[in-house]
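J.: Chains as they are written, first to last, in my numbering: chain A, 1 to 326; chain B, 1 to 170. All C-beta atoms in this analysis are idealised placements derived from N, C-alpha and C, irrespective of residue type, glycine included. I'd like to ask you about the structure that follows.
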């Protein structure tokens with residue numbers, strides 16, 4: 001895999017999709033604000049909101065940021081439409097699947113969340129969105145070394161063989177970033193002998209793929225199955241690409257559970273993530289209980305946002321005994 | 001002698017003009033066909049590989065014949081500049097008007113298609129392209145009919161008009 005180009009200033013690449021007047025005002029902001037910038041939120045007829053860890057303000061009409069909504073820059077429907085066109089490359093048909101999931105990934109791995117009027121199909125599922133009213137440009141920042149904190153738990157101490165890991169946390173705690181870094185570390189060999197890594201990326205979140213091309217550096221020995229359903233993808237990976245570490249995110253359904261059991265029985269180390277605020281909470285889910293009882297995972301890593309995204313709270317072993325508090 | 005050469009030049013020029021007009025009648029159905037072929041390529045790009053429009057247009061241009069290929073290249077270029085598909089197609093149509101034997105009816109079909117390109121789901125994109133193709137096949141039939149009626153006519157007419165001029169001037 002070619003290493004993806006990643007700008008030193010990730011926001012400068014992300015804001016290319018914005019209308020010129022918004023872009024110029026953002027570029028003129030002081031770097032102290034730009035470094036914190038995580039989200040640029042656009043809504044029809046509403047002020048442009050800038051959001052970050054310690055940042056929540058409007059983009060001011062005359063430049064700079066403001067708390068006062070009347071002095072803020074507002075966008076009309078046309079401007080929102082032009083952003084949507086830049087994001088979708090004027091091809092709604094090409095991002096149908098993505099729109100259904102609620103966001104589109106753009107070059108650089110940045111994500112644009114979309115809200116509007118949902119159009120349903122005959123079965124009550126969302127077919128697409130029309131009349132887009134809100135856009136949320138989420139700036140992706142490469143976070144190399146995010147997995148250093150759990151380094152001593154990822155491999156079997158005796159053989160150096162990769163262990164199966166489950167990363168558990170509420171949303172927004174850096175699960176995907178951690179998965180990405182684990183892929184890179186294993187694949188590049190910075191965690192002992194380099195191994196083949198397979199990523200099944202159902203929602204193009206781990207690799208941030210645009211048109212199947214990963215936008216993040218995931219290491220030289222990594223194969224990415226982009227946009228493929230997890231359960232099916234895991235089996236495809238095992239059958240054809242013989243990964244030693246198989247990475248996927250957001251497990252939870254019955255078929256995920258079966259595919260995971262299949263993978264761990266095939267001797268593949270699985271690294272996955274799940275939404276939950278504690279290990280006990282995760283175990284209460286029906287299919288996940290099965291995985292726990294089968295000891296499919298050797299380690300459970302609990303994340304929080306206590307010291308910013310990606311804080312490792314606890315690491316548990318296969319039977320749920322705490323190994324360490326980091 | 002000089003008068004003879006002049007007369008010959010007049011006949012040759014007039015015949016040339018006649019043949020030029022006749023050639024337009026001859027090329028038009030062929031170019032419509034090649035346009036239809038290109039739209040089918042575009043449809044495949046949209047339907048099977050869900051290629052985003054700028055790339056889909058470039059790929060279509062690569063597989064199309066001369067004047068039609070230029071149309072798709074121009075469209076792709078304008079789209080890259082941030083124009084809407086409708087604006088890009090309008091620019092492409094303006095290019096075709098000067099450079100090809102294509103006329104009003106088929107160019108109108110293209111413009112109408114431009115207004116729908118990219119702004120709906122896959123299924124309706126295909127329906128729009130299919131509708132345009134059907135429209136174009138009617139236009140092509142008419143163009144063939146016009147070719148049958150007018151191609152020879154303009155060849156003769158050019159030559160005969162030259163002769164007439166010579167007779168009048170002599």
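Going along chain B, which residues have a C-beta under 9 angstroms from residue 79/A?
T.: For the purposes of this step, residue 79/A is taken as the residue at position 79 of the first chain. Those within 9 angstroms of residue 79/A in chain B number zero; the least Cβ separation is about 13 angstroms.
J.: Which bits of chain A does residue 125/B rub up against, with CB to CB less than 7 angstroms?
T.: As a first step, residue 125/B is located in the second chain; it is residue number 125 there, counting from the start. Near residue 125/B (Cβ distances below 7 angstroms), the residues of chain A are 93.
J.: Cβ closer than 9 angstroms: which chain C residues qualify as neighbours of residue 118/B?
T.: You won't find chain C in this structure, because its protein chains are A and B.
J.: I think residue 58/A touches residue 69/A, with their Cβ atoms under 8 angstroms apart; what is that distance to the nearest whole Å?
T.: For the purposes of this step, residue 58/A is taken as the residue at position 58 of the first chain. For the purposes of this step, residue 69/A is taken as the residue at position 69 of the first chain. Going by Cβ atoms, the distance from residue 58/A to residue 69/A rounds to 6 angstroms, so yes, they are a contact pair.
J.: Closest to residue 296/A by C-alpha separation, out of 279/A, 319/A, 87/A, would be which residue?
T.: Working through the first chain from its first residue, we reach residue 296/A at position 296. Comparing Cα positions, the closest option is 319/A.
J.: Taking just the CA atoms, how far does residue 77/B sit from residue 48/B?
T.: As a first step, residue 48/B must be located in the second chain, where it is residue number 48. As a first step, residue 77/B must be located in the second chain, where it is residue number 77. Each residue's alpha carbon lies about 23 angstroms from the other.
J.: Can you check whether the CB of residue 101/B is closer than 8 angstroms to the CB of residue 113/B?
T.: Translated into the one-based positions of the second chain, residue 113/B becomes position 113. Translated into the one-based positions of the second chain, residue 101/B becomes position 101. It is not a contact, given that the beta carbons lie outside the stated cut-off.
J.: Which residues in the same chain as residue 257/A place their Cβ atom closer than 8 angstroms to its Cβ, once the five residues preceding and following it in sequence are excluded?
T.: Within the first chain, the letter at position 257 stands for residue 257/A. For residue 257/A, where only same-chain residues beyond five positions count, the Cβ hits under 8 angstroms are 251, 287, 288, 290, 291.
J.: Could you tell me whether any Cβ in chain B is nearer than 8 angstroms to the Cβ of residue 105/A?
T.: Residue 105/A sits at position 105 when you count from the first residue of the first chain. It does not: the Cβ of residue 105/A has no partner Cβ on chain B nearer than 8 angstroms.
J.: How far does the alpha helix (DSSP H) with residue 165/B in it reach, from first residue to last?
T.: Position 165 of the second chain, counted from the start, is the residue given in the question as residue 165/B. Residue 165/B -> alpha helix (DSSP H) spans 122–169.
J.: Using CA coordinates, which residue listed in 73/A, 144/A, 33/A, 75/A is at the minimum distance from residue 56/A?
T.: Locating residue 56/A in the first chain gives position 56, where the first residue counts as 1. Nearest of 73/A, 144/A, 33/A, 75/A to residue 56/A, Cα basis: 33/A.
J.: Examine the Cβ distances between the region 127–134 of chain A and the region 79–94 of chain B and report whether three or more of them are shorter than 8 angstroms.
T.: No: fewer than three Cβ pairs fall under 8 angstroms.
J.: Using only the alpha-carbon positions, how far apart do residue 98/A and residue 29/B sit?
T.: Here residue 98/A is taken as the residue at index 98 of the first chain, counted from 1. Here residue 29/B is taken as the residue at index 29 of the second chain, counted from 1. Rounded to the nearest angstrom, the two C-alpha atoms are 41 angstroms apart.
J.: In angstroms, rounded to a whole number, what distance separates the CA positions of residue 264/A and residue 136/A?
T.: Here residue 264/A refers to the residue found at position 264 when the first chain is read from its first residue. Here residue 136/A refers to the residue found at position 136 when the first chain is read from its first residue. Distance between the alpha carbons of residue 264/A and residue 136/A: 38 angstroms.
J.: Going by beta-carbon coordinates alone, are residue 213/A and residue 247/A separated by less than 8 angstroms?
T.: Position 213 of the first chain, counted from the start, is the residue given in the question as residue 213/A. Position 247 of the first chain, counted from the start, is the residue given in the question as residue 247/A. Contact: no.
J.: Of the residues that make up the region 109–133 of chain A, which ones have a beta carbon closer than 7 angstroms to any beta carbon in chain B?
T.: Listed by position, the residues of the region 109–133 of chain A near chain B (Cβ gap below 7 angstroms) are 128.
J.: Which value, in whole angstroms, describes the spacing of the CA atoms of residue 186/A and residue 61/B?
T.: To locate residue 186/A, count along the first chain from 1; it is residue 186. To locate residue 61/B, count along the second chain from 1; it is residue 61. For residue 186/A and residue 61/B, the distance between alpha carbons rounds to 43 angstroms.
J.: Where does the unbroken beta strand (DSSP E) through residue 116/A begin, and where does it stop?
T.: Locating residue 116/A in the first chain gives position 116, counting from the first residue. Looking at the DSSP string, the run of the beta strand (DSSP E) that includes residue 116/A is 111–120.
J.: Which same chain residues end up closer than 6 angstroms to residue 111/A when comparing Cβ atoms and leaving out the 5 residues on each side of it in sequence?
T.: Walking along the first chain from the start, residue 111/A turns up at place 111. Result list for residue 111/A: 103, 105, 138, in chain order.
J.: Do residue 33/B and the ligand FMN come close, with the Cβ less than 7 angstroms from some heavy atom?
T.: Looking for the ligand FMN in the displayed structure turns up nothing, as the structure carries no ligands at all.
J.: May I have the straight-line CA-CA distance separating residue 278/A from residue 63/B, to the nearest angstrom?
T.: As a first step, residue 278/A must be located in the first chain, where it is residue number 278. As a first step, residue 63/B must be located in the second chain, where it is residue number 63. Taking the straight line joining both Cα atoms gives about 56 angstroms.
J.: From the DSSP output, read off the bridge partner residues of residue 182/A.
T.: As a first step, residue 182/A is located in the first chain; it is residue number 182 there, counting from the start. DSSP lists no partner for residue 182/A.
J.: Tell me which residue opens and which closes the alpha helix (DSSP H) that residue 207/A is part of.
T.: Against the first chain, residue 207/A aligns to sequence position 207. Here residue 207/A belongs to no alpha helix (DSSP H), and DSSP marks it neither H nor E.
J.: Once the 5 residues before and after residue 63/A are set aside, which same chain residues still bring their CB inside 6 angstroms of it?
T.: Locating residue 63/A in the first chain gives position 63, counting from the first residue. Excluding positions up to five away in sequence, the list reads 25, 28.
J.: Using only CA atoms, which one of 45/A, 67/A, 141/A, 37/A lies nearest to residue 54/A?
T.: In the first chain, the residue the question calls residue 54/A occupies position 54. Closest by alpha carbon: 37/A.
J.: Consider the Cβ of residue 105/B: report whether some Cβ of chain A lies at a distance smaller than 8 angstroms.
T.: Position 105 of the second chain holds residue 105/B. It does not: the Cβ of residue 105/B has no partner Cβ on chain A nearer than 8 angstroms.
J.: So, is residue 159/A buried or exposed, given that buried needs 16 or more other C-beta atoms within 10 angstroms?
T.: For the purposes of this step, residue 159/A is taken as residue 159 along the first chain, with counting starting at 1. Exposed, by the Cβ-count rule.
J.: Report yes or no: do the region 31–38 of chain B and the region 135–151 of chain B share at least 3 C-beta pairs separated by less than 8 angstroms?
T.: Yes, they touch.
J.: Would you list, in sequence order, the uninterrupted beta strand (DSSP E) runs of no fewer than 3 residues that lie entirely inside the region 236–285 of chain A?
T.: Listed in chain order, the complete beta strand (DSSP E) runs (minimum 3 residues) inside the region 236–285 of chain A are 245–248, 269–275.
J.: Which stretch, first to last residue, makes up the beta strand (DSSP E) that contains residue 223/A?
T.: Reading the first chain from its first residue, position 223 is the one you call residue 223/A. First-last of the beta strand (DSSP E) with residue 223/A: 222–226.
J.: Using C-beta distances below 8 angstroms, list every residue in its chain close to residue 108/A, excluding the 5 sequence neighbours before and after it, in chain order.
T.: As a first step, residue 108/A is located in the first chain; it is residue number 108 there, counting from the start. Closer than 8 angstroms at Cβ, skipping near neighbours: 6, 7, 10, 13, 14, 140, 208, 215.
J.: At 4 residues or longer, what runs of the alpha helix (DSSP H) sit wholly inside the region 9–72 of chain A?
T.: You should have 10–14, 20–27, 31–36.
J.: Whether or not the region 117–125 of chain A and the region 161–172 of chain A are in contact is what I'm after, with contact meaning three or more pairs of Cβ atoms, one per stretch, closer than 8 angstroms; do they touch?
T.: No, the region 161–172 of chain A is not in contact with the region 117–125 of chain A.
J.: Are the C-beta atoms of residue 46/B and some chain A residue less than 8 angstroms apart?
T.: Sequence index remark: in the second chain, residue 46/B carries index 46 (1-based). Chain A, which has a Cβ nearer than 8 angstroms to the Cβ of residue 46/B, makes this yes.
J.: Hey, does residue 164/B have any beta-carbon neighbour from chain A nearer than 8 angstroms?
T.: Counted from its first residue, the second chain places residue 164/B at position 164. Chain A, which has no Cβ nearer than 8 angstroms to the Cβ of residue 164/B, makes this no.
J.: Which of the three DSSP states is assigned to residue 132/A in this structure?
T.: For the purposes of this step, residue 132/A is identified with residue 132 of the first chain, where counting begins at 1. Three-state DSSP puts residue 132/A in a strand.
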